[in-house]
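Student: My structure is below; once you've seen it, I'll send some questions.
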Amino acid sequence: MKEPLEKAQACVIWMHGLGADASDMMGLADQLMIEDAVLRHVFLDAPRRPVTLNGGMVMPAWYDIYGLDLVDEEDKAGVEESESLIRKVVDAQYNFGFRPHQIFLAGFSQGGAMALHTALHMTDRLGGVIALSAYLPLVKHNKPQLDKNTPIFMGTGQFDPLVLPKWTQQSKDWLLAKGYNEVSFHQYPMEHSICFEEIKDLSLWLNKQVQGVLQ
32 MKEPLEKAQA CVIWMHGLGA DASDMMGLAD QLMIEDAVLR HVFLDAPRRP VTLNGGMVMP
92 AWYDIYGLDL VDEEDKAGVE ESESLIRKVV DAQYNFGFRP HQIFLAGFSQ GGAMALHTAL
152 HMTDRLGGVI ALSAYLPLVK HNKPQLDKNT PIFMGTGQFD PLVLPKWTQQ SKDWLLAKGY
212 NEVSFHQYPM EHSICFEEIK DLSLWLNKQV QGVLQ
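Written as structure tokens, this is what we have:
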């Protein structure tokens with residue numbers, strides 16, 4: 032956890048990508064250009080589990096991946112298990128005194144998928160959702176409850192060979208069709224990564240959302 036010197040105005044809960052750990056998201060948080068916002072950052076580590084796509088190798092993963100087509104066959108039990116873990120962390124932040132509109136769920140790749148999935152099953156309006164190089168898993172099973180006015184930032188690489196741009200686009204279109212009109216969608220000339228332009232855009236967006244929390 033990264034705690035500000037002053038009292039935090041909002042809390043960002045970060046989830047890393049497949050095979051990574053919390054330090055990946057710590058590095059990203061350090062690069063954000065947050066001038067006026069005082070944020071608490073909470074960095075989560077995924078459970079270690081065998082990943083079928085990687086020959087059953089045990090690694091940090093929010094859920095199993097069965098093949099290269101991430102949206103064809105999905106690990107529903109794994110996604111729901113990780114959702115429960117993330118919800119417990121959100122509840123812990125409520126106990127610290129944060130209100131739902133002060134909470135942001137954020138992640139990269141698998142972590143971004145979990146941020147979207149978990150947020151959509153929450154009934155209150157969150158401060159926002161950040162999904163970087165990610166897609167929405169379990170779309171066929173998803174019955175969203177999240178307040179439609181919740182801001183969502185989605186960033187994707189135009190040449191991403193892992194989380195294909197069409198999957199991110201389909202997730203964005205699904206959100207819009209469900210009435211989530213506060214989606215800020217950005218594409219960048221990169222592969223499965225994060226670039227400086229994305230960090231700039233995310234910083235501007237996050238500053239704006241946190242200022243809205245304070246009004």
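Using my numbering, you'd call the opening residue of the sequence shown number 32 and step up by one each time.
The beta carbon of each residue, even a glycine, is placed where N, CA and C say it ideally should be.
All values reported here derive from a predicted model rather than from experimental measurement.
1) Rounded to a whole number of angstroms, what is the C-alpha to C-alpha distance between Val244 and Thr149?
2) What did DSSP end up calling Ala51 once you bin it into helix, strand or coil?
3) Taking 8 Å as the threshold, find out whether the stretch 44-51 comes into contact with the stretch 126-142 through three or more Cβ pairs.
4) Whose C-alpha, out of Tyr219, Met88, Ser202, Gln218, is nearest the C-alpha of Tyr211?
5) Less than 7 Å between the beta carbons of Met145 and Ser113, yes or no?
6) Taking His223 as the reference, which of Val214, Gly87, Ala53, Thr187 has the closest Cα?
7) Using a Cβ-Cβ cut-off of 6 Å (strictly less than) and excluding sequence neighbours within five positions of Met57, which residues of its own chain qualify?
8) Could you tell me if Arg80 is buried or exposed, where buried requires 16 or more neighbouring beta carbons within 10 angstroms of its beta carbon?
9) Write down every uninterrupted run of the alpha helix (DSSP H) in the stretch 86-161 whose length is 4 residues or greater and which is fully enclosed by it, in chain order.
10) So Leu169 and Lys107 are supposed to be a Cβ contact under 8 Å. How far apart are they, rounded?
11) The beta strand (DSSP E) with Ala41 in it runs from where to where?
12) Along the beta strand (DSSP E) that carries Ser224, what are the first and last residues, could you check?
13) Considering only their Cβ atoms, is the gap separating Val82 from Lys95 smaller than 7 Å?
Tutor: Quick look at the numbers:
1) 21 Å
2) coil
3) yes
4) Ser202
5) yes
6) Thr187
7) Phe74
8) buried
9) 107-127, 141-151
10) 6 Å
11) 41-46
12) Per DSSP, Ser224 belongs to no beta strand (DSSP E) and is neither H nor E.
13) This sequence places Asp at residue 95; Lys is not what is there. Closer than 7 Å, so yes.
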